[in-house]
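One structure is given below, encoded as structure tokens.
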Amino acid sequence: MSRERRSTTRRRSPNNGPMGRGRYFFLLGIVIIGLSALVGRIAYLNVIDRDFLQNQGDARTLRVEPINAHRGMISDRNGDPLAISTPVVTLWANPQELPSDPTQLETLARALKMDPDTLEARVERYSEHEFMYLRRRMTPEAAKPARELDIPGVYAKDEYKRYYPSGDVAAQLVGVTNVDDHGQEGLELAYDDYLSGQPGKRRVLKDRKGRLVRDLHLLKDAKPGGDLTLSIDLRLQYMAYRELQKSVDAHDADGGSLVMMDARSGEVLAMANLPSYNPNNRTSIDVNGLRNQAVTDAIEPGSVMKPLAMSAALATDKISPDTVIDTSPGWMVIDGYTISDFRNYGKLTPGGILLHSSNIGMSHIALKLDKDTIWKQYQRLGLGQAPGTGFPGEGSGSLPPLSGLSRSAQASMAYGYGVALTPLQLASAYTAIANDGRRLHPSLLKRTSAPIGEQVMSPTIAHELLGMLEKIVQPDAGGSRAMVEGYRIAGKTGTVRKVTAGGYQQKAYRGLFAGIAPVSDPRIVTVVMIDNPKGDEYYGGLVAAPVFGRVVGKALRLLDVPPDKQETSE
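To convert, note that position 407 of the sequence shown is 407 in the UniProt record's numbering; the numbers rise steadily by one, no gaps.
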């Protein structure tokens, strides 16, 4: 009975029947086929298509990384650095690889000197991305604590950061770079391609955490940027900036500019502007301080233009150094506009007109000439044309249209109204007086040889004007505060009302002084402009001439220019 039950039990087992055995072999066949396919695929990839595995492995370990090109140095004419690049480290992260452990993020934040909540919020904000900056352009020492944590998803990139040793002293001239080390202002922008160089490439082996295992080979070597040598002398630049700052502070002025040019080569030896800014700390930059006003901002110059207008008159047969002009009664009306002098100077020669800065005298002279005589001379002197320095946004100044030039405009041009120019253009124009009538185009880069210049007046007229201007820088004359002990100085003061959209302002002025030193053998041409000095002392002879005297006096001694003035004993 029990044997029968066991036999019945075996017959009912599904695995023992024909159907059960078929199912078993079917499943076994599927497994065998799958294993065969897998083995076949492995064999195919390892024997026939080996490049596929190699490429896939390389894609996960081999990388082509850029090699940053070292940005070229900017230096002064003597090789002193004005802009240099130093190594820095940028830390970045892949938010999708960062650990979710808040303790590790907090540790990372402390190493980066960041608020942990701020870092956590940034990681959350970039959670769907594969890239985010942690800290940019850190010193290698500052980045070291974070790198040593070896936190997954945190990577480092070697870069360069621009540093400006002279700070705000030459900021507008040199300019700045942005966070990606590309020029944004000044000469950094003008010569960005030249300074930047060309980045290279290298193939490297990295581990799964992105860490460098080995340099494999160089694909393209980085080509460093070229070095730029400026024309300025950093010693003179510091003096110019310091003295300009003293005058601006003393007169509570809105700002000022100073341009010093080499009278023989046209090189700009110093160029200072206020307000300024520190390019090494841009957290609170005054946007007005970004502009290189000496190059970009054209202003009405006032009486400093009178010697240039006089050069046009002396070149005609209508005016000579001995011509007498009656300026009485000290005022006149032209086209309904009243022009006046400080007082009635009576009869004056051209030298006397410049000495007393007579608007009436210059108006009479201008109206004796053809209406285009002074206009064309101004054009030869560079007015209405960009100086060609290559500086971004350099001003070209302006002249009134020659067609339809009125008598009042013809007269006002002669005493510096109705025209506009930059301090750099004014300095360039004065090089003609200092250089035997040859005007030198300004250069912001060091020149290897002195240019011949453009002959815009005869040597005789240039010497006559130099003598007239020397009388202005004498005791009891308008430019007396520009005097330099031991040296003969020539120059002209100027005071002009500021212009706004609504016209001339009643109580806002610019004080200017343009001068040449030394007279016996001119070496320096310098222009000083003080913008809107407050109080009663706003005249160019009171606010700008003293700056000229202090800066030029020190510059002549620093440049080893021998004194040319014989002191008389009483």
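Backbone N, C-alpha and C fix where the C-beta goes; we use that ideal spot for every residue, glycine too.
It should be emphasised that the depicted structure is a prediction, and the values quoted were computed from it without experimental measurement.
Using the three-state DSSP reduction, which class does residue i fall into: helix, strand or coil?
i, result
"PRO140", "helix"
"ALA514", "strand"
"MET310", "helix"
"VAL473", "coil"
"ASN273", "strand"
"PRO350", "helix"
"PRO145", "helix"
"PRO563", "coil"
"VAL268", "strand"
"GLY186", "helix"
"TYR160", "strand"
"GLN198", "strand"
"ALA544", "coil"
"LEU558", "helix"
"LYS220", "strand"
"residue 571", "Outside the shown range of the chain, which is 1 to 570, sits residue 571, and nothing can be said about it."
"MET332", "strand"
"SER340", "strand"
"VAL327", "As written in the sequence, residue 327 is Thr, which differs from the Val given in the question. It is coil, neither helix nor strand."
"TYR539", "coil"
"VAL551", "helix"
"residue 571", "Lying before the first or after the last residue shown, residue 571 is absent from the chain, which here runs from 1 to 570."
Rounded to whole angstroms, what's the CA-CA distance from residue i to residue j? Just pull it up for me.
i, j, result
"VAL532", "LEU426", "A small fix is needed here, since residue 532 is Asn in this sequence, not Val. The straight-line gap from Cα to Cα measures roughly 19 Å."
"ILE30", "LEU205", "42 Å"
"LEU112", "ARG162", "21 Å"
"ASP521", "THR229", "27 Å"
"PHE26", "LEU35", "14 Å"
"ILE374", "SER284", "46 Å"
"TYR337", "GLN410", "13 Å"
"GLY175", "ALA517", "30 Å"
"THR139", "THR500", "47 Å"
"MET468", "ASP335", "31 Å"
"PRO301", "THR86", "42 Å"
"LEU381", "THR431", "10 Å"
"LEU218", "ARG63", "12 Å"
"ARG523", "MET529", "20 Å"
"LEU367", "ARG407", "7 Å"
"LYS534", "VAL519", "33 Å"
"PHE391", "ASN292", "9 Å"
"PRO562", "ASP262", "16 Å"
Report the residue from the options whose alpha carbon sits nearest the alpha carbon of residue i.
i, options, result
"ASP370", "LEU314, VAL528, ALA121 and HIS356", "LEU314"
"TYR487", "LYS498, ARG510 and PHE548", "PHE548"
"ALA545", "LEU234, ARG202, GLN566 and THR495", "THR495"
"LYS157", "ASP168, GLY167, ARG137 and GLU141", "ARG137"
"GLY226", "SER196, ASP76 and THR296", "SER196"
"PHE342", "GLY352, THR90, HIS356 and ASP335", "HIS356"
"GLN506", "ALA514, ASP536 and MET483", "ASP536"
"ALA490", "GLN455, ILE530 and GLY553", "GLY553"
"ALA429", "GLY418, SER412, MET457 and THR448", "MET457"
"VAL527", "ILE325, SER303, GLN410 and ARG557", "SER303"
"HIS463", "GLU454, ALA477 and GLY437", "GLY437"
"THR389", "THR448, GLN474, THR296 and GLY79", "THR296"
"ASN178", "SER311, ASP192 and GLY167", "ASP192"
"GLU185", "GLY393, PRO459 and LEU399", "GLY393"
"VAL324", "GLN385, GLY502, ASP117 and LYS347", "LYS347"
"GLU188", "ALA508, PRO224 and ALA83", "ALA83"
"GLU470", "GLY351, MET114 and GLY397", "GLY351"
"SER311", "ASP117, PRO459 and ALA143", "PRO459"
"VAL484", "ARG291, ASP168 and LEU556", "LEU556"
"GLY478", "GLY503, PRO451 and VAL543", "VAL543"
"PRO165", "ALA121, PRO451 and ASN281", "ASN281"
"ASN288", "PRO275, PRO279 and VAL333", "PRO275"
"MET413", "ALA171, GLY255, ARG439 and HIS364", "HIS364"
"PRO224", "ASP322, HIS251 and TYR194", "TYR194"
"SER100", "LYS246, GLY384 and GLU124", "GLU124"
"VAL89", "VAL333, TYR378 and ASP180", "ASP180"
Hey, is the stretch 302 to 310 in contact with the stretch 259 to 274, meaning 3+ C-beta pairs nearer than 8 Å? These segments do not touch.
Where in the stretch 447 to 512 do unbroken runs of the beta strand (DSSP E), each at least 3 residues long, occur, reported from the N-terminal end onward? If we require 3 residues or more, the beta strand (DSSP E) runs fully inside the stretch 447 to 512 come out as 490 to 500.
Would you check if the stretch 322 to 333 and the stretch 348 to 364 touch, i.e. whether three or more CB-CB distances between them fall below 8 Å? For the pair of segments examined, the stretch 348 to 364 was found to touch the stretch 322 to 333: the number of CB pairs separated by less than 8 Å reaches three.
Any contact between the stretch 102 to 110 and the stretch 141 to 154? By contact I mean 3 or more CB pairs, one from each, below 8 Å. The answer is yes - the stretch 141 to 154 touches the stretch 102 to 110, with three or more Cβ pairs under 8 Å.
How about the stretch 440 to 449 and the stretch 397 to 415: do they share at least three Cβ pairs that are nearer than 8 Å? When C-beta atoms of the stretch 440 to 449 are compared with those of the stretch 397 to 415, fewer than three pairs fall below 8 Å, so the two segments do not count as touching.
Report yes or no: do the stretch 61 to 80 and the stretch 230 to 239 share at least 3 C-beta pairs separated by less than 8 Å? Under the three-pair Cβ rule at 8 Å, the stretch 61 to 80 counts as touching the stretch 230 to 239.
Per the contact definition of three or more C-beta pairs closer than 8 Å, is the stretch 160 to 179 in contact with the stretch 120 to 131? Contact between the stretch 120 to 131 and the stretch 160 to 179 is not established, with fewer than three Cβ pairs separated by less than 8 Å.
Is the stretch 409 to 418 touching the stretch 239 to 252, taking contact as three or more C-beta pairs under 8 Å? No, because fewer than three Cβ pairs between the stretch 409 to 418 and the stretch 239 to 252 fall closer than 8 Å, the two stretches do not touch.
Which runs of the beta strand (DSSP E) spanning at least 3 residues fall entirely within the stretch 86 to 140, listed in chain order? Counting only runs of at least 3 residues, the stretch 86 to 140 fully encloses the following beta strand (DSSP E) elements, listed from N- to C-terminal order: 132 to 138.
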